[in-house]
Ligand code: 5AD
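Residue numbers (my numbering): 543 to 889.
#1: What residue from 677, 554, 846 and 878 has the CA that sits closest to residue 606's CA?
#2: Considering only the alpha carbon of each residue, which of 758, 838, 632 and 599 lies closest to residue 619?
#3: How many angstroms separate the CA atom of residue 807 from the CA atom of residue 769?
#4: Among 765, 828 and 562, whose alpha-carbon lies nearest the alpha-carbon of residue 881?
#5: Could you tell me the distance, in whole angstroms, from the CA atom of residue 791 to the CA atom of residue 624?
#6: Relative to the C-alpha of residue 776, which residue among 794, 849 and 759 is closest?
#7: On the three-pair Cβ rule with 8 Å, is the region 815–832 touching the region 742–760?
#8: Suppose contacts are defined by Cβ-Cβ distances below 9 Å. Is residue 648 in contact with residue 683 by that definition?
#9: Check whether the Cβ of residue 772 sits closer than 8 Å to any heavy atom of the ligand 5AD, and report yes or no.
#10: Indicate the three-state DSSP secondary structure (helix, strand or coil) for residue 886 in the structure shown.
#11: Out of curiosity, what's the CA-to-CA distance linking residue 558 and residue 772?
#12: Between residue 621 and residue 597, what straight-line distance do the alpha-carbon atoms span, to the nearest angstrom?
#13: When the Cα of residue 725 is compared with those of 762, 742, 883 and 877, which residue comes out closest?
#14: Taking Cβ positions, are residue 674 and residue 653 nearer each other than 9 Å?
#15: Quick one, are the C-beta atoms of residue 603 and residue 672 less than 9 Å apart?
#16: With H, G and I counted as helix, E and B as strand and the rest as coil, what does DSSP make of residue 709?
#17: Exposed or buried, which one is residue 563 when buried takes at least 16 other CB atoms within 10 Å?
#18: Please confirm if the region 659–666 is in contact with the region 702–714, defined as three or more CB-CB distances below 8 Å between the two stretches.
#19: Identify which residue in 639, 731, 803 and 780 has its Cα closest to the Cα of residue 879.
#20: Around the C-beta of residue 836, are 16 or more other C-beta atoms found within 10 angstroms, so that it is buried, or is it exposed?
#21: Mind listing, in chain order, the continuous beta strand (DSSP E) runs of no fewer than 3 residues lying wholly within the region 822–860?
#22: Please state whether DSSP places residue 880 in a helix, a strand or coil.
#23: With respect to 8 Å, is the separation between the Cβ of residue 644 and the closest non-hydrogen atom of the ligand 5AD below this value?
#24: Should residue 810 and residue 832 be called a contact, given that it needs their Cβ atoms to be closer than 9 Å?
#25: Looking at residue 635 and residue 801, is the spacing between their C-beta atoms short of 9 Å?
#26: Since I believe residue 581 is in contact with residue 827 (beta carbons under 8 Å), could you give me their beta-carbon distance rounded to a whole number of angstroms?
#27: Taking just the CA atoms, how far does residue 548 sit from residue 595?
#28: Between the C-alpha atoms of residue 545 and residue 740, what's the straight-line distance to the nearest angstrom?
#29: When we look at the beta-carbon of residue 701 and count the other beta-carbons within 10 Å, is it buried (16 or more) or exposed?
#30: Measuring alpha carbon to alpha carbon, tell me which residue in 694, 615, 656 and 609 is nearest residue 643.
#31: Please state the DSSP three-state secondary structure of residue 556.
#32: Using a threshold of 9 Å, state whether the C-beta atoms of residue 609 and residue 712 are closer than that.
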């Protein structure tokens, strides 16, 4: 099966299901090895670095899994000013970052006027950098304005490609169809697009994961964010178990083999769940890490799940440590913009 996947970059749904259900260690190791090779063929043994700026934890949504959901009154809410964000970029640029990821909740104050002004100012001051946005669902017109202002990449996880499952993770106001339309709009506008999912979210089955893989194969996103679900103590899902890291690693490998040119982050959630999660992710086919560039005093307030890493080796200040850790497994850290090979649209 791995041979076919390697050659054709596809498998039937039944075969994908068999891969997900098999935990024979020699099979899993072969799958990770094939994914690593496919990644090295495309990108070399390189890990791309993005500076993550979590600039607001205010959110109008009430997703049952998420620590910064609207109903969580225990969150100390913050929104960084334009100057604060620009300061993060200045610090990050000096450290070598050439991509900034502006991530936040669906904060009503992030109007097109505010965001376009912020994006165009970052674009003006750091014209050698790529700007990635991750600020949720917006209208097509809004996405177009932000693109015209200089944002070229957008991350919006689909969370699950099965509508009934989506409805068990989100209140009625959120709909999978709408989320997928947003991703389609973003793609058509010309963004490099990232979708993604949590592994082991409550009620998830392997059949759901097969549908996720099929959706990813069809959408052909430039990036896919995959991390384990980790419960947050102030959410309705507080008592559900964390997602499996082995299953997360297996999915990384399958996505790498289905869409070889994709950019795959070894996510913060994987790094939180496993001490050596970043390295294990890279050894399963991931090739991006997103160290935190947010100001230190707000970091712990962006608490999507319990014990989320925000200090130590994972932070931007510790870039050198990260370099050493990846050198230890034979990988180099790249400071270039690291555009996806799936796009010609790399301006
Ligand atoms: N565990 C893991 N990932 C989470 N996210 C939100 N809450 C959790 C959680 N409890 C992920 C979602 C979202 C991204 C920003 O963080 O997939 O899209």
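Glycine residues also receive a C-beta, built at the ideal position from the N, C-alpha and C atoms.
Note that this is a predicted model, so its numbers are computed, not measured.
For this structure:
#1: 846
#2: 599
#3: 9 Å
#4: 765
#5: Residue 791 and residue 624: Cα-Cα distance of roughly 37 Å.
#6: 849
#7: In this structure the region 815–832 does not touch the region 742–760; the number of beta carbon pairs closer than 8 Å is below three.
#8: no
#9: Residue 772 Cβ: within cutoff of the ligand 5AD.
#10: Because the pLDDT at residue 886 is just 45, under 50, the model does not fix this residue reliably, and the value given afterwards should be weighed accordingly. Correct three-state label for residue 886: coil.
#11: Distance from the CA of residue 558 to the CA of residue 772, rounded to the nearest whole angstrom, comes to 25 Å.
#12: 6 Å
#13: 762
#14: no
#15: no
#16: helix
#17: exposed
#18: no
#19: 639
#20: buried
#21: Whole beta strand (DSSP E) segments, 3+ residues: zero.
#22: coil
#23: no
#24: yes
#25: no
#26: 5 Å
#27: 36 Å
#28: 27 Å
#29: That one is buried.
#30: 694
#31: helix
#32: no
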